[in-house]
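Numbering (UniProt numbering), first residue to last: 1 to 165. Beta carbons are placed, not taken as given, at the ideal position from N, Cα and C, and that holds for glycine.
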């Protein structure tokens, strides 16, 4: 496991939908993305910060996307798909994985902000490639296999005042 050190190159990948639903269902609050980015980078060298969002034609979503960019995130926006039966779907899992694998050769540490267990295999793969993996999420809604696959897990629930608005 790579230790944390000054000058370490870091990429932050934030699964905004996962964070939003967790923060709303558990706390009825929103995520402090500026505080999150600061805690994730920890005075290291930020290479890229990506926030994966869904356009659902909700009120204020454009201002949310703009605020993310002002904080320092690049936003990756996916349109929500509505199917013939009325069901909707929007998922960034493959996009997050592709970006993580692409960034792996350019960073020392990848910070994944999600509790989604689907990313456990990605974390294991990147660790095998020599990339330090840190996960930021709310422990009570994070898959055990994701926690186990990371070098470090940061429970956002243990420090609500730093991560929630």
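Proximity of residue i and residue j at Cβ, strictly below 8 Å
i           : j           : result
residue 141 : residue 115 : yes
residue 151 : residue 118 : no
residue 78  : residue 54  : yes
residue 143 : residue 157 : no
residue 7   : residue 162 : no
Start and end residues, alpha helix (DSSP H) containing residue i
i           : result
residue 96  : 93–103
residue 181 : The question about residue 181 has no answer here: the residues shown for the chain are numbered 1 through 165.
residue 121 : 120–128
Those residues which DSSP pairs with residue i across a bridge
i           : result
residue 136 : 113, 154
residue 164 : 31
Host beta strand (DSSP E) of residue i (start-end)
i          : result
residue 53 : 45–55
residue 15 : 9–15
So within the stretch 61–91, which uninterrupted alpha helix (DSSP H) runs reach at least 4 residues, ignoring any that extend past its ends?
61–71
- Query: Touching or not, the stretch 50–60 and the stretch 14–21, by the rule of three or more beta carbon pairs under 8 Å?
  - Reply: yes
Check whether the stretch 59–66 touches the stretch 35–43, taking contact to mean three or more Cβ pairs, one atom from each stretch, closer than 8 Å.
no
Notebook entry, point to check: Below 8 Å, can you find three or more Cβ-Cβ pairs linking the stretch 103–115 to the stretch 128–141?
Noted result: yes
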